[in-house]
Amino acid sequence: MASHSIPLPPRAESAEDVVRLLDLKPHIEGGFYRETWRDPTADASRGRGTAVYFLLPGNVVNRWHRIDATEHWHFYAGSPLELSIAPPDRPLGKFILGGSIFDGERPQIEVPPNSWQRARSLGPWTLIGCTVCPAFEFSRFELAEHGFDPAINAREC
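Quick look at the structure:
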């Protein structure tokens, strides 16, 4: 039987508690993350996939960003999250990631490759997971400038 080496607080209620319990680190786009899985390839090229924990505190709206791979967001805990997605060939869409499926929330949302995206927690904090295939690489990650608006700027990219 496995034992837990992390002492648990009586109840993890704050974003800081979750960051500490899951050993999350600051992410360049805002929020906190930790890679939990990477499926490598035999020839050391880009891996087949990655997964991360990602926590977004309620006082942070992460910056517009995009990657060149399909990304699946999975809701884990905390408040629902608003995810804005601007695919290259479609207008901006807004989706709610959360556990109340009968209220229109979805536990998973797919972000197509090269789509501009950003998120904001609708409460004190949201813990989600992101699975990326092929594997996430920071060299293939693009962070938009402050003030970027995909409705205006997407045609220029």
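Just so you know, we're using our numbering here: the sequence shown kicks off at 9 and counts up by one. Just so it is clear, CB atoms sit at the ideal spot from N, CA and C, and this is done for glycine as well.
Whether residue i touches residue j by CB criterion (8 Å)
{"i": "L89", "j": "I36", "result": "no"}
{"i": "G39", "j": "V60", "result": "no"}
{"i": "T58", "j": "P121", "result": "no"}
{"i": "A159", "j": "H73", "result": "no"}
{"i": "S92", "j": "K102", "result": "yes"}
Counted within 10 angstroms of its Cβ, other Cβ atoms place residue i as buried (16 or more) or exposed
{"i": "A143", "result": "buried"}
{"i": "F110", "result": "exposed"}
{"i": "L105", "result": "buried"}
{"i": "T134", "result": "buried"}
{"i": "R126", "result": "buried"}
{"i": "L63", "result": "buried"}
Per-residue DSSP class, three states only, for residue i
{"i": "E24", "result": "helix"}
{"i": "I36", "result": "coil"}
{"i": "R163", "result": "Low per-residue confidence applies at R163: pLDDT is 49, beneath 50, and the placement is therefore not dependable enough to give any value."}
Identity of the residues DSSP links to residue i by a beta bridge
{"i": "G106", "result": "Beta-bridge pairing links G106 to no other residue."}
{"i": "G112", "result": "In DSSP, G112 forms no bridge with anything."}
{"i": "I117", "result": "W81"}
Test: residue i CB closer than 8 Å to a CB of chain B
{"i": "R126", "result": "Here there is only one protein chain, and chain B is not present."}
Kindly provide the ranges of any beta strand (DSSP E) runs that are 3 or more residues long and lie completely inside the stretch 129 to 156, ordered along the chain.
Taken in chain order, the complete beta strand (DSSP E) segments of 3 or more residues contained in the stretch 129 to 156 are 133 to 141, 149 to 151.
Runs of 3 residues minimum, wholly inside the stretch 41 to 99: which ones carry the beta strand (DSSP E) assignment?
Listed in chain order, the beta strand (DSSP E) elements of length 3 or more contained wholly in the stretch 41 to 99 are 57 to 65, 73 to 75, 78 to 86, 89 to 94.
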